[in-house]
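Peer 1: Please find one structure pasted underneath; my questions will follow.
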Amino acid sequence: MDDKAAVLQVHEMCFSYPERPLWAHWSGTVGQGATLVLGGDGSGKTTLLQLLAGDVLVDSGTLTLAGVALHEDTPAYRQQVFWQDPRSSALDALSVQQWWDTLPARYSRWDATALAAHIAGFALQPHLDKALYQLSAGTRRKVLMAAALASGATLTLIDEPVAGLDRASVRYLQQALADAAAQPGRALVVAHYEALDGVPWAQVIELPDEA
Ligand SMILES: Nc1ncnc2c1ncn2[C@@H]1O[C@H](COP(=O)(O)OP(=O)(O)OP(=O)(O)O)[C@@H](O)[C@H]1O
Numbered sequence: 001m002d003d004k005a006a007v008l009q010v011h012e013m014c015f016s017y018p019e020r021p022l023w024a025h026w027s028g029t030v031g032q033g034a035t036l037v038l039g040g041d042g043s044g045k046t047t048l049l050q051l052l053a054g055d056v057l058v059d060s061g062t063l064t065l066a067g068v069a070l071h072e073d074t075p076a077y078r079q080q081v082f083w084q085d086p087r088s089s090a091l092d093a094l095s096v097q098q099w100w101d102t103l104p105a106r107y108s109r110w111d112a113t114a115l116a117a118h119i120a121g122f123a124l125q126p127h128l129d130k131a132l133y134q135l136s137a138g139t140r141r142k143v144l145m146a147a148a149l150a151s152g153a154t155l156t157l158i159d160e161p162v163a164g165l166d167r168a169s170v171r172y173l174q175q176a177l178a179d180a181a182a183q184p185g186r187a188l189v190v191a192h193y194e195a196l197d198g199v200p201w202a203q204v205i206e207l208p209d210e211a
């Protein structure tokens, strides 16, 4: 990819867990549009999203998002990222609406009109006053993805988007991802264990299976 078109540049990234090396001097770019991270169980998809988010720090190497280097200005880098681990319990006590209400102050390009469309598209209206811990895994994912898509964040990271989703929601997600990916200057990175049809992927990053 032409580096000038890159939203995110990764240079010489190294990262290992104890006894599990994952990245050794990897360089690459993520451009505008939708990127699929494809890999089986344990291949490192979630870790890659955490690294790109600046949530887990690289052992060495640099990540630069829209001109901001993570190691030089970590808050400014993270400010441009939407990342919410679907397995985290950090938001559990909040209702869906309470959590969403915190987000326009956090994301300068938050799109309330898009959120209203995602509520309808994912059939979330009956769940807005429920606490996140009360939601099924599929509904919780839809709540996270509605926020991710509406955030307008320069880099939006989504892990395992279709787990627990009904067919109508998967169809809506494909369309909503395509629409978000068409927004200028926006990169969406989606991790999934197999190809996800119906999304115009600009790029695929394939991870080798766990040895
Ligand atoms: N905190 C950790 N400490 C040590 N090893 C870890 C840790 N988190 C993940 N791993 C290991 O790193 C590898 C990649 O894990 P990761 O969760 O990133 O993969 P994944 O592709 O998202 O897998 P899955 O789809 O099963 O969640 C796996 O071998 C996993 O066991």
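In this text, residue positions in the sequence shown follow UniProt numbering: the first is 1, and each later residue adds one. In this text, a Cβ means the ideal position worked out from N, Cα and C, and glycines have one as well. Bear in mind that the values here come from a model prediction, so they are computed numbers and not experimental data.
Whose C-alpha, out of Gly198, Pro208, Ala187, is nearest the C-alpha of Thr35?
Peer 2: It is Ala187.
Peer 1: Jot down the residue ranges of each uninterrupted alpha helix (DSSP H) in the region 97-124, minimum 4 residues, whole runs only, in chain order.
Peer 2: With a minimum length of 4 residues, the continuous alpha helix (DSSP H) runs that stay inside the region 97-124 are 112-121.
Peer 1: With three or more C-beta pairs closer than 8 Å as the rule, is the region 137-147 touching the region 119-128?
Peer 2: yes
Peer 1: How many Å lie between Ser16 and Gly39 at the Cα?
Peer 2: 17 Å
Peer 1: As an exercise, report each continuous beta strand (DSSP E) stretch of at least 3 residues that is fully enclosed by the region 23-55, in chain order.
Peer 2: For the region 23-55, whole beta strand (DSSP E) runs of length 3 or above, ordered along the chain, are 33-38.
Peer 1: What does DSSP give as the partner residue(s) for Tyr17 in the beta ladder?
Peer 2: Arg20
Peer 1: Quick one: residues in its chain with C-beta nearer than 6 Å to the C-beta of Val162, no 5 flanking neighbours on either side, listed in chain order?
Peer 2: Val170
Peer 1: Going by DSSP, name the residue or residues bridged to Thr62.
Peer 2: His11
Peer 1: From the DSSP output, which residues share a beta bridge with Ala187?
Peer 2: Gly33, Leu155
Peer 1: May I ask you to check if the CB of Arg141 is nearer than 6 Å to at least one heavy atom of ligand 1?
Peer 2: no
Peer 1: Please return the same chain residues whose Cβ sits closer than 8 Å to the Cβ of Ala93, not counting the five positions on each side in sequence.
Peer 2: Excluding positions up to five away in sequence, the list reads Ala131, Leu132, Tyr133.
Peer 1: The beta strand (DSSP E) with Gln174 in it runs from where to where?
Peer 2: No beta strand (DSSP E) holds Gln174; the alpha helix (DSSP H) holding it covers 167-181.
Peer 1: Using CA atoms only, rank isn't needed, just tell me which of Arg78, Gly33, Ala105, Glu194 is closest to Leu65.
Peer 2: Arg78
Peer 1: Is any non-hydrogen atom of ligand 1 found closer than 6 Å to the C-beta of Gly54, if you look at the structure I gave you?
Peer 2: no
Peer 1: So, is Asp179 buried or exposed, given that buried needs 16 or more other C-beta atoms within 10 angstroms?
Peer 2: exposed
Peer 1: Is the distance from the Cβ of Tyr107 to the Cβ of Ser136 below 7 Å?
Peer 2: Not in contact: Tyr107 and Ser136 (Cβ atoms no closer than 7 Å).
Peer 1: Excluding the 5 residues flanking Pro208 on each side, which residues of the same chain have their C-beta closer than 8 Å to its C-beta?
Peer 2: Gly39, Ser43
Peer 1: Roughly how many whole angstroms lie between the Cα atoms of Pro104 and Thr74?
Peer 2: Distance between the alpha carbons of Pro104 and Thr74 is about 21 Å.
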